[in-house]
Amino acid sequence: MNTANSEDSPLAASHSSQESSLHEPTVETRLRLAGLMKDVGLALIQSEHLQDMAQRCTEAFVHYFDAAFARIWVLNQATEILELQASSGLYTHLDGPHSRIPVGMFKIGKIAAERKPHLTNAVIGDPRVSDQAWARQEGMVAFAGYPLLVDDQVVGVMAMFARHHLSASVLEAMASTANAVAVGIDRKRWELERLHLLETAEKARADAEREKQRATDILERISDAFFALDRNWIFTYLNKKSEPLLQRRREELLGHNIWEEFPDAVGLSFYTHYHLALEQQININFEEFYPPLNTWFEVHAHPAPDGLSVYFHNINDRKAMEQERERLFQIEQETRSQAQIALAIRNRFLTSISHDLKTPLTTMKVNVQLAQRQLARVPITDPNPLSKRLGAIEGATKKMTGMIEDLLDLARNQTDPAIDHVFQSLDLLPLVHQVVGEFQDTSKRHQILIIDKVDTLPINGNPARMDRVLSNLLSNAIKYSPQGGQIIVESDRQADGETCWGIISIQDQGIGIPHAEIPSIFQPFQRASNVIDSIQGTGIGLASVVQVLEQHGGSISIQSEEGKGSTFTIRLPLLLETAI
1 MNTANSEDSP LAASHSSQES SLHEPTVETR LRLAGLMKDV GLALIQSEHL
51 QDMAQRCTEA FVHYFDAAFA RIWVLNQATE ILELQASSGL YTHLDGPHSR
101 IPVGMFKIGK IAAERKPHLT NAVIGDPRVS DQAWARQEGM VAFAGYPLLV
151 DDQVVGVMAM FARHHLSASV LEAMASTANA VAVGIDRKRW ELERLHLLET
201 AEKARADAER EKQRATDILE RISDAFFALD RNWIFTYLNK KSEPLLQRRR
251 EELLGHNIWE EFPDAVGLSF YTHYHLALEQ QININFEEFY PPLNTWFEVH
301 AHPAPDGLSV YFHNINDRKA MEQERERLFQ IEQETRSQAQ IALAIRNRFL
351 TSISHDLKTP LTTMKVNVQL AQRQLARVPI TDPNPLSKRL GAIEGATKKM
401 TGMIEDLLDL ARNQTDPAID HVFQSLDLLP LVHQVVGEFQ DTSKRHQILI
451 IDKVDTLPIN GNPARMDRVL SNLLSNAIKY SPQGGQIIVE SDRQADGETC
501 WGIISIQDQG IGIPHAEIPS IFQPFQRASN VIDSIQGTGI GLASVVQVLE
551 QHGGSISIQS EEGKGSTFTI RLPLLLETAI
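Oh and the sequence shown: position 93 is 93 in full-length UniProt numbering, straight run, nothing missing.
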């Protein structure tokens, strides 16, 4: 570090030509230094605020030393950060990269850490002036930085840059000024701390007064009734709201024993809980009925070393509501039980009628098949019309049988959702192709496109029920696309953590579902409003699909836009060995 007293320092060879020696400053220099000391002294005496005092000092440095700019940082002892408080000359802003400097960092922080000044008349080439390009551009020649010390404790740093050499007399004056500024900063900080302590004490006193008044006001304004007892069970305070609940004026109770004034409370929870709270110094909350006043009370007892504070209020209305709620709950339970009985009766009826319907349908199906075989053996010139009619009857029979199966499934699952089904290892992909093939043969206006993104979709499932799921969804896609068009059946896999899912989506270009009705479309007997009058249906197919998928650990979702079509997506867990 370069110092003013080193003979090898650039400062020793750069004195002003108007000075005859280090110790003989010119008259002009003496006048400037005197003016500096005067202005700094006035700043230290007259300034009310630390920042104003520091600013006046930096302005004096710039004015009397013809400095490029001067700055003062004050140490924040809590954070060990030097905070910029004043800046005059070329730079006057207090923000920027040098506004907060940790002790020990950069040239300013090192001055504070080392408690030694850094002085140079050769800024260009000085290793502590890191931005040499800036120094050359601005024509900086000299730098002087002083730690501001009080009792060897750093309170800040004072520094300035100049575009000319700084003489020894100037540096000596800056050193003296640094001592004065350090004392001024320390004094201001003590004044601020003292003022803060006074303000804190005054605030604490005012807060205590307000808290005392607030406590009194609260006790009178709270919605609860309140009374206080000493350790001898004597009333020491009652608020106004306690009077109507106790049906006594508080003046009659103050100074009297609670058990003597309310003897019927001795055999109730009031007596046992109050004693327990006071003896064990614990808060106790309870409810109790006091017959002489015909009142239910909710009570909160809070102990203190010198007695007991009791908050209480009338809960007759709440108790009446609880009794009414209990009565309604019993009615609800009875209604629920009756509903379950009605559901069981309905399901038995559905099961019975479904079996009754299946019997003639089975007969019809058998006879149609016999007629078809006989027709195949009889030579007929043009058998197509008759064959088509028999095929239509067979298709309608199959469709009716499927609807009855859906109805039976719905009834069985609502009665016992955990009903057991035979599950086995099953590859869904061949089943998808089989079902699509069956429907493609019967629907010529629809082109069913299969997109397989995987080779297999092995699950643990029931083949017949999964066939019904796929048939239901594909049947809906065809039925609700009356104008025909393309139906896309896509199969894929999807990994989710440690589980791998099989994904099957069926997309149509049909009439779609109104947006507001999508959340309820899977409910039993629920149909979209835009098809009720135009397309026949029962509303049980999708409900049956949901039940089957849930039994398989899967789910179904829908995306639909009215007039543009729907996409139903099945999600089923694949067997573990197929995880990807």
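All C-beta atoms, glycine included, are put in the ideal place defined by N, C-alpha and C.
Bear in mind that the values here come from a model prediction, so they are computed numbers and not experimental data.
Nearest by alpha-carbon distance to residue i: which of the options is it?
{"i": "Met140", "options": "Leu166, Leu148 and Gly156", "result": "Leu166"}
{"i": "Lys241", "options": "Gly184, His313 and Val40", "result": "His313"}
{"i": "Leu36", "options": "Ser99, Ala67 and His196", "result": "Ala67"}
{"i": "Asp522", "options": "Cys500, Glu550 and Asp496", "result": "Note that residue 522 corresponds to Phe in the displayed sequence, not to Asp. Comparing Cα-Cα distances from Phe522 to each of Cys500, Glu550 and Asp496, the minimum goes to Glu550."}
{"i": "Val157", "options": "Ile185, Leu171, Gln132 and Glu138", "result": "Ile185"}
{"i": "Leu33", "options": "Ala43, His63 and Gln51", "result": "His63"}
{"i": "Val548", "options": "Asn460, Leu575, Asp496 and Ala495", "result": "Asn460"}
{"i": "Arg445", "options": "Gln483, Asn472 and Ser425", "result": "Gln483"}
{"i": "Pro573", "options": "Trp501, Ser443, Thr397 and Gly541", "result": "Trp501"}
{"i": "Asn76", "options": "Leu470, Leu171, Leu254 and Pro102", "result": "Pro102"}
{"i": "Ile234", "options": "Gln247, Glu251 and Asp427", "result": "Glu251"}
{"i": "Ile282", "options": "Tyr290, His300, Ser269 and Phe289", "result": "His300"}
{"i": "Thr397", "options": "Leu370, Thr363 and Leu426", "result": "Thr363"}
{"i": "Val435", "options": "Thr401, Gln424, Leu470 and Pro463", "result": "Leu470"}
{"i": "Val40", "options": "Cys57, Leu31, Ala516 and Asp207", "result": "Cys57"}
{"i": "Phe65", "options": "Glu243, Arg571 and Ala159", "result": "Ala159"}
{"i": "Met105", "options": "Gln85, Val129 and Ala86", "result": "Val129"}
{"i": "Glu288", "options": "Arg318, Leu278, Glu261 and Arg527", "result": "Arg318"}
{"i": "Glu517", "options": "His552, Ile558 and Ala135", "result": "Ile558"}
In the DSSP assignment, the beta strand (DSSP E) including residue i goes from what residue to what residue?
{"i": "Pro514", "result": "Neither: Pro514 is in no beta strand (DSSP E) and is coded neither H nor E."}
{"i": "Gln486", "result": "Gly485 to Asp496"}
{"i": "Ala68", "result": "Taken as a continuous stretch (DSSP letters only), Ala68 belongs to no beta strand (DSSP E), as it is neither H nor E."}
{"i": "Phe106", "result": "Premise fails: Phe106 lies in the alpha helix (DSSP H), Phe106 to Glu114, not in any beta strand (DSSP E)."}
{"i": "Asn314", "result": "Gly307 to Asn314"}
{"i": "Phe143", "result": "Ala142 to Val150"}
{"i": "Ile556", "result": "Ser555 to Glu561"}
Hey, how far is the Cα of residue i from the Cα of residue j?
{"i": "Ala228", "j": "Asn316", "result": "23 Å"}
{"i": "Trp259", "j": "Gly267", "result": "10 Å"}
{"i": "residue 581", "j": "Asp306", "result": "Residue coverage of the chain in this structure runs from 1 to 580, which leaves residue 581 outside it and unanswerable."}
{"i": "Gly485", "j": "Val432", "result": "19 Å"}
{"i": "Thr499", "j": "Arg465", "result": "23 Å"}
{"i": "Phe329", "j": "Arg231", "result": "45 Å"}
{"i": "Leu457", "j": "Arg468", "result": "17 Å"}
{"i": "Leu245", "j": "Gln340", "result": "47 Å"}
{"i": "Leu308", "j": "Ala78", "result": "45 Å"}
{"i": "Leu253", "j": "His302", "result": "20 Å"}
{"i": "Ala204", "j": "Glu193", "result": "16 Å"}
{"i": "Gly497", "j": "Ile81", "result": "49 Å"}
{"i": "Ala168", "j": "Thr29", "result": "11 Å"}
{"i": "Glu220", "j": "Leu238", "result": "9 Å"}
{"i": "Leu31", "j": "Ala178", "result": "19 Å"}
{"i": "Ser223", "j": "Tyr311", "result": "10 Å"}
For residue i, report the span of its alpha helix (DSSP H) as first-last.
{"i": "Ala159", "result": "Ala159 -> not in any alpha helix (DSSP H); beta strand (DSSP E) instead, spanning Gln153 to Ala162."}
{"i": "Ala54", "result": "Leu50 to Phe65"}
{"i": "residue 587", "result": "Outside the shown range of the chain, which is 1 to 580, sits residue 587, and nothing can be said about it."}
{"i": "Val546", "result": "Gly541 to Gln551"}
{"i": "Ala135", "result": "Gln132 to Glu138"}
Would the stretch 117 to 133 and the stretch 87 to 103 be scored as touching if the rule is three or more Cβ pairs under 8 Å? no
How about the stretch 273 to 281 and the stretch 183 to 192: do they share at least three Cβ pairs that are nearer than 8 Å? no
Which residue spans inside the stretch 213 to 290 form an unbroken beta strand (DSSP E) run of at least 3? Counting only runs of at least 3 residues, the stretch 213 to 290 fully encloses the following beta strand (DSSP E) elements, listed from N- to C-terminal order: 225 to 230, 235 to 238 and 284 to 290.
Counting Cβ pairs closer than 8 Å, one from the stretch 477 to 494 and one from the stretch 443 to 452, do we hit at least three? yes
How about the stretch 506 to 526 and the stretch 472 to 480: do they share at least three Cβ pairs that are nearer than 8 Å? Segment contact: the stretch 506 to 526 against the stretch 472 to 480, three or more CB-CB distances shorter than 8 Å; contact assigned.
Please give the ranges of any beta strand (DSSP E) in the stretch 439 to 464, keeping only runs that are unbroken, at least 3 residues long and fully inside the region. 446 to 452 and 458 to 461
Evaluate contact between the stretch 293 to 311 and the stretch 324 to 334, counting only Cβ atoms and requiring at least three cross-stretch pairs below 8 Å. no
For the pair the stretch 145 to 161 and the stretch 104 to 114, tell me if three or more CB-CB distances fall below 8 Å. With the cut-off at 8 Å, the stretch 145 to 161 and the stretch 104 to 114 touch.
Under 8 Å, with one C-beta from each stretch per pair, do the stretch 560 to 568 and the stretch 508 to 520 reach the 3-pair mark? yes
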